[in-house]
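*Asks:* Sharing a structure here in structure tokens format.
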Amino acid sequence: MSEKAVGPGGAAPTVIDTSVAHIARVYDYFLGGKDNFPADREAAARILKGNPGMRDTCREQREFLRRAVRFLTRAGIRQFIDIGTGLPTQENTHEVAQAIAPEARVAYIDNDPIVLAHARVLMADQDHGRTVFIHADARDPQALLAEPTLRSVIDFDEPVAVLLIGILHFMPDHDQPGELIRALLDAVPAGSYLAASHGTPDFAPEIGGAVQAAYQASSMPCRVRTAAEVMTLLECVELVDPGLVLLAEWRPDGPVPADRQRITYAAVGRKR
Ligand SMILES: C[S@@+](CC[C@H](N)C(=O)[O-])C[C@H]1O[C@@H](n2cnc3c(N)ncnc32)[C@H](O)[C@@H]1O
């Protein structure tokens with residue numbers, strides 16, 4: 000089964016394969032969205048067997064994204080490259096940043112055509128030239144960095160925040176997530192930031208392993224990593240307090256719930 004989505008302004012139609020589960024649509028399902036299909040919901044059911052708290056994990060990840068973007072905007076960052084955007088939901092990166100600094104600019108990047116179709120609609124509403132969406136693959140950072148649309152909104156002479164939230168664990172080792180981070184951080188000046196989250200087996204090995212296996216069984220790549228492995232990925236930045244912690248523990252707005260999810264790390268680091 001496939002669907003055609005047409006972007007506004009006569010943008011080329013995008014063919015969307017709904018017969019296999021897609022990471023963005025499964026995530027949308029976990030967040031209570033409506034942009035998912037039977038294959039996505041079947042995959043989600045398999046993942047929920049491995050981690051019944053998966054909906055909370057995804058919600059905590061969105062909350063981390065919002066807190067991180069607020070922190071970065073308050074720290075003076077006015078440009079964001081948000082890689083692995085996902086489907087538009089509540090309080091997307093540009094909305095959070097522009098609520099604090101209306102001049103903030105955001106380049107969204109994702110390789111899923113359904114994200115592209117929805118993002119075009121979202122951006123059409125409020126595009127004042129400060130927000131763009133680029134259909135590109137994080138596994139080819141040089142091509143991504145050469146994108147003229149990216150260069151049209153991001154000034155690589157000024158500090159940038161690179162967001163890699165909920166994407167790195169979908170890059171197995173052969174996709175070289177470390178190379179992606181190095182290439183991006185090499186392209187931005189000192190004073191730039193990286194915000195990332197990453198699935199881990201450290202606290203609940205059975206759950207971490209079951210989630211990884213469930214994604215893989217539904218043809219989605221997945222590789223959870225230990226704290227040491229994640230720290231190696233993040234070695235080109237200096238982590239701000241509180242360092243590498245669970246999602247809900249990163250600069251929480253209130254008391255951290257005792258039943259917080261324990262399968263995903265969060266961190267924000269600054270390029271020296
Ligand atoms: C779980 S969602 C995360 C969404 C958002 N960053 C958040 O934290 O709420 C992961 C996103 O990464 C995208 N993605 C996965 N692999 C990718 C790749 N190699 N290149 C670009 N995007 C990718 C998926 O399509 C999906 O939209």
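Numbers 0 to 271, taken from numbering that gives the first Met the number 0, label the letters of the sequence shown in order. Note that CB positions come from ideal geometry on N, CA and C, so glycine has one too.
Measure the beta-carbon distance from valine 159 to isoleucine 153 and round it to whole angstroms, keeping in mind my assumption that it falls under 8 Å.
*Replies:* Walking along the sequence shown from the start, residue 159 turns up at place 160. Walking along the sequence shown from the start, residue 153 turns up at place 154. Sure, about 6 Å apart at Cβ, within 8 Å.
*Asks:* Rounded to the nearest angstrom, what separates arginine 259 and glycine 207 at their Cα positions?
*Replies:* Taking the first residue of the sequence shown as position 1, residue 259 is located at position 260. Taking the first residue of the sequence shown as position 1, residue 207 is located at position 208. Computed Cα separation, rounded: 15 Å.
*Asks:* With isoleucine 82 and isoleucine 108 assumed to form a contact (beta carbons below 8 Å), what rounded beta-carbon distance in angstroms separates them?
*Replies:* As a position in the sequence shown, residue 82 is number 83, starting the count at 1. As a position in the sequence shown, residue 108 is number 109, starting the count at 1. Right, the Cβ-Cβ distance comes to about 5 Å (below 8 Å), so this counts as a contact.
*Asks:* When you compare only the Cα positions, how much space is there between arginine 104 and tryptophan 249?
*Replies:* Numbered from its first residue, the sequence shown carries residue 104 at position 105. Numbered from its first residue, the sequence shown carries residue 249 at position 250. Distance between the alpha carbons of arginine 104 and tryptophan 249 is about 24 Å.
*Asks:* Return helix, strand or coil for phenylalanine 29, following the three-state DSSP convention.
*Replies:* As a first step, residue 29 must be located in the sequence shown, where it is residue number 30. Helix.
*Asks:* Identify, in the order they occur along the chain, each residue of the same chain with its Cβ nearer than 8 Å to the Cβ of arginine 45, setting aside the five sequence neighbours on each side.
*Replies:* Mapped onto the sequence shown, residue 45 falls at position 46. Closer than 8 Å at Cβ, skipping near neighbours: Ala213, Ala216 and Ser217.
*Asks:* Please list, in chain order, all residues of the same chain as proline 176 whose beta carbon is under 7 Å from its beta carbon, the five residues on each side excluded.
*Replies:* Counted from its first residue, the sequence shown places residue 176 at position 177. Cβ within range, chain order: Leu167, Met170 and Leu232.
*Asks:* Distance check for alanine 20 and phenylalanine 36, CA to CA, integer angstroms please.
*Replies:* If you number the sequence shown from 1, residue 36 lands on position 37. If you number the sequence shown from 1, residue 20 lands on position 21. Cα to Cα, the separation comes out at about 8 Å.
*Asks:* Counting only runs that start and end within the segment 137-213, where is the beta strand (DSSP E) found for 3 or more residues in a row?
*Replies:* Listed in chain order, the complete beta strand (DSSP E) runs (minimum 3 residues) inside the segment 137-213 are 160-163 and 192-198.
*Asks:* Strictly by DSSP, which residues pair up with leucine 245?
*Replies:* As a working mapping, residue 245 is identified with position 246 in the sequence shown. In the DSSP output, where bridge partners are listed per residue, leucine 245 has Tyr264.
*Asks:* In three-state DSSP terms, what is arginine 259?
*Replies:* Locating residue 259 in the sequence shown gives position 260, counting from the first residue. DSSP places arginine 259 in coil when its eight states are reduced to three.
*Asks:* DSSP beta-bridge partners for glutamine 78?
*Replies:* What you label residue 78 is simply residue 79 of the sequence shown in a count that begins at 1. Arg104, per the DSSP bridge assignment.
*Asks:* Along the chain, where does the alpha helix (DSSP H) that runs through valine 229 open and close?
*Replies:* Position 230 of the sequence shown, counted from the start, is the residue given in the question as residue 229. Segment 226-232, the alpha helix (DSSP H) holding valine 229.
*Asks:* Does the separation of the CB atoms of alanine 247 and proline 241 fall below 9 Å?
*Replies:* Taking the sequence shown and counting its residues from 1, one reaches residue 247 at position 248. Taking the sequence shown and counting its residues from 1, one reaches residue 241 at position 242. Cβ distance not < 9 Å, so alanine 247 and proline 241 don't count as in contact.
*Asks:* What number of angstroms, rounded off, separates the C-alpha of aspartate 252 from the C-alpha of glutamine 60?
*Replies:* As a working note, residue 252 is residue 253 in the sequence shown. As a working note, residue 60 is residue 61 in the sequence shown. Approximately 14 Å, taken between the alpha carbons.
*Asks:* Does ligand 1 have even one heavy atom less than 8 Å from the beta-carbon of proline 169?
*Replies:* Here residue 169 is taken as the residue at index 170 of the sequence shown, counted from 1. First, the amino acid is wrong: residue 169 is phenylalanine here, not proline. Yes.
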